[in-house]
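In terms of the working numbering, the numbers along the sequence shown are unbroken and rise by one, the last being 345.
Some notes on the structure that comes next.
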Amino acid sequence: MPNAHTTSPKLIDQFGRQVDYIRLSITDRCDFRCVYCMSEDMTFLSRDEVLSLEECARLVRIFVQLGVSKVRITGGEPLVRKNALWLFNEIGQLKGLHELVLTTNGSQLAKQAAALKQAGVKRINISVDSLQPERFNRITRTGHLAQVLDGLRAAIAAGFEGIKLNTVLMRDTNDDEAEDLVAFAIQHQIDISFIEEMPLGEVNHTRDSTFVSNLDTLKRLQSKYSLIPSTHSSGGPARYWQVANANTKIGFISPHSHNFCESCNRVRISCKGELFLCLGQEDKVELMPLLRAHPTNDAPVIEAILNSMSIKPKGHDFDLKRAAPAVVRFMSHTGG
Ligand code: SAM
Ligand code: SF4
């Protein structure tokens with residue numbers, strides 16, 4: 010049986026891909042209700058159905074022992090979880106963890122950015138789908154743009170190594186804002202990624218009615234900006250372009266128009282401790298029962314994680330025309 014103290018096996022799946030990146034959702038709850046992410050009347054998990062912060066820290070430590078060098082904390086909205094900062098402080102200095110990064114909607118950043126930087130967070134992704142206050146409120150249903158922009162300013166002042174905006178464009182909702190969002194990113198010398206909408210969970214619209222292809226967005230942006238293909242890679246579905254004469258890269262996260270699965274280096278852990286081997290498939294391993302049955306012995310958890318590599322699927326299977334969502338769980342549950 011693998012022992013964490015004497016061996017450090019790597020996570021390599023049946024297709025030879027090494028997993029060195031985990032995304033951990035620390036809550037399914039959120040102060041926003043973005044139309045593409047959640048239904049209006051979401052029901053959330055009860056407290057004991059969700060990993061404790063101590064269990065989150067233990068899992069991160071185990072994965073780092075297994076060769077994971079990058080951890081993204083996400084949600085739901087990770088910064089609305091009580092004491093979230095404790096977790097960042099706990100894992101921020103782990104030996105072998107080179108990149109502790111965060112995805113947030115920015116609503117709590119004005120208060121927390123400096124402490125997150127201090128805890129060891131290297132880079133932050135902030136979701137911003139519109140720069141028009143009313144439209145922003147319509148998309149997020151409960152969010153206020155001014156609060157998020159205050160958060161962004163606090164993050165810039167805190168001096169993170171990188172800040173990136175994440176934007177989901179939806180047809181006839183905000184797809185006319187790609188150029189403005191890029192201009193905003195250039196002005197603030199930060200990066201921006203456009204994420205294609207994915208069919209995760211049941212929402213109030215059919216996904217193909219709002220889908221905007223990143224290929225179309227790229228063409229629009231190329232008519233306004235001089236874009237140079239960048240070799241920058243995060244090992245995932247994003248392809249990057251450098252804006253000429255600017256300190257801004259534009260990423261395109263394109264699960265539909267670009268097949269990225271062959272270089273997939275990541276797995277996701279839901280706030281319930283489910284280890285999902287692929288964002289677009291149901292294959293998973295339940296880690297919470299193991300964590301709770303063996304509170305002081307990591308070996309069974311390590312064994313389950315190592316065994317999970319044999320069921321990591323070759324790739325996802327998104328199809329927007331399907332009536333049902335490709336995957337029934339919401340992104341906020343699995344962690345985006
Ligand atoms: N609340 C945080 C936020 O909004 O950044 C973190 C969690 S959120 C699930 C992570 C990312 O997933 C966000 O950038 C969001 O825009 C994106 N997202 C959520 N649902 C999506 C969907 N169905 N398709 C594509 N992106 C989605
Ligand atoms: Fe919340 Fe992020 Fe989902 Fe929006 S995208 S509802 S901010 S979890």
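The C-beta atom is built at its ideal place from N, Cα and C for all residues, glycine as well.
Quick caveat: nothing in here was measured; it's all calculated off a predicted structure.
When DSSP labels each residue in this structure, what does residue i get in the three-state scheme?
{"i": "Leu284", "result": "strand"}
{"i": "Leu68", "result": "helix"}
{"i": "Asp57", "result": "helix"}
{"i": "Ile82", "result": "strand"}
{"i": "Glu108", "result": "strand"}
{"i": "Asn134", "result": "strand"}
{"i": "Leu140", "result": "coil"}
{"i": "Val44", "result": "coil"}
{"i": "Phe261", "result": "strand"}
{"i": "Ala255", "result": "coil"}
{"i": "Thr149", "result": "helix"}
{"i": "Gln386", "result": "Examination of residue 386 is not possible in this model, given that the chain is present from 10 through 345 alone."}
{"i": "Gln23", "result": "coil"}
{"i": "Leu209", "result": "strand"}
What does the Cβ neighbour count give for residue i, buried or exposed, with the cut at 16 atoms within 10 Å?
{"i": "Asn254", "result": "exposed"}
{"i": "Lys19", "result": "exposed"}
{"i": "Ser279", "result": "buried"}
{"i": "Glu206", "result": "buried"}
{"i": "Phe24", "result": "exposed"}
{"i": "Ala124", "result": "exposed"}
{"i": "Pro142", "result": "exposed"}
{"i": "Ile237", "result": "exposed"}
{"i": "Lys293", "result": "buried"}
{"i": "Lys126", "result": "buried"}
{"i": "Gln74", "result": "buried"}
{"i": "Ser55", "result": "exposed"}
{"i": "Arg81", "result": "buried"}
{"i": "Arg67", "result": "buried"}
{"i": "Thr176", "result": "buried"}
{"i": "Met217", "result": "Here residue 217 is Asp; the residue named in the question, Met, does not match the sequence. With fewer than 16 Cβ atoms within 10 Å of its Cβ, Asp217 is classed as exposed."}
{"i": "Ser34", "result": "buried"}
{"i": "Asp57", "result": "exposed"}
{"i": "Glu186", "result": "buried"}
{"i": "Asn114", "result": "buried"}
Taking the C-alpha atoms as reference points, what is the distance between residue i and residue j?
{"i": "Arg32", "j": "Met340", "result": "12 Å"}
{"i": "Leu106", "j": "Arg132", "result": "13 Å"}
{"i": "Leu161", "j": "Ala119", "result": "7 Å"}
{"i": "Arg229", "j": "Glu188", "result": "8 Å"}
{"i": "Gln156", "j": "Ile165", "result": "14 Å"}
{"i": "Thr219", "j": "Phe203", "result": "14 Å"}
{"i": "Thr215", "j": "Met47", "result": "13 Å"}
{"i": "Gly102", "j": "Ala128", "result": "Strictly speaking, residue 102 in this sequence is Gln, with Gly absent from that position. Distance between the alpha carbons of Gln102 and Ala128: 8 Å."}
{"i": "Ser317", "j": "Glu295", "result": "10 Å"}
{"i": "Ile314", "j": "Leu96", "result": "21 Å"}
{"i": "Arg277", "j": "Tyr249", "result": "23 Å"}
{"i": "Gln251", "j": "Leu299", "result": "45 Å"}
{"i": "Ser242", "j": "Lys321", "result": "22 Å"}
{"i": "Val77", "j": "Val28", "result": "7 Å"}
{"i": "Arg38", "j": "Ser222", "result": "29 Å"}
{"i": "His303", "j": "Lys281", "result": "17 Å"}
{"i": "Tyr234", "j": "Asp184", "result": "17 Å"}
{"i": "Gly168", "j": "Arg26", "result": "33 Å"}
{"i": "Glu312", "j": "Leu286", "result": "15 Å"}
{"i": "Val44", "j": "Gly210", "result": "11 Å"}
{"i": "His153", "j": "Pro246", "result": "29 Å"}
{"i": "Val59", "j": "Thr36", "result": "7 Å"}
{"i": "Arg147", "j": "Ile21", "result": "43 Å"}
{"i": "Val110", "j": "Ile135", "result": "11 Å"}
{"i": "Val69", "j": "Glu108", "result": "12 Å"}
{"i": "Ile199", "j": "Val137", "result": "13 Å"}
{"i": "Lys104", "j": "Lys79", "result": "12 Å"}
{"i": "Thr149", "j": "Met297", "result": "31 Å"}
{"i": "Gly85", "j": "Thr240", "result": "31 Å"}
{"i": "Asp40", "j": "Val89", "result": "7 Å"}
Locate the beta strand (DSSP E) running through residue i, then write down its first and last residues.
{"i": "Phe203", "result": "Asp200 to Ile204"}
{"i": "Leu33", "result": "Tyr30 to Ser34"}
{"i": "Ile237", "result": "Leu236 to Pro238"}
Hey, quick one: how far does the alpha helix (DSSP H) through residue i stretch, first residue to last?
{"i": "Thr176", "result": "Segment Gly171 to Val177 is the beta strand (DSSP E) holding Thr176; no alpha helix (DSSP H) there."}
{"i": "Gln196", "result": "Ala187 to His197"}
{"i": "Val157", "result": "Leu154 to Ala167"}
{"i": "Lys228", "result": "Asn223 to Lys233"}
{"i": "Arg216", "result": "Arg216 to Thr219"}
{"i": "Lys126", "result": "Leu118 to Ala128"}
**Item:** Segments assigned alpha helix (DSSP H), at least 4 residues, entirely inside the stretch 272-324
**Value:** 297-302 and 308-317
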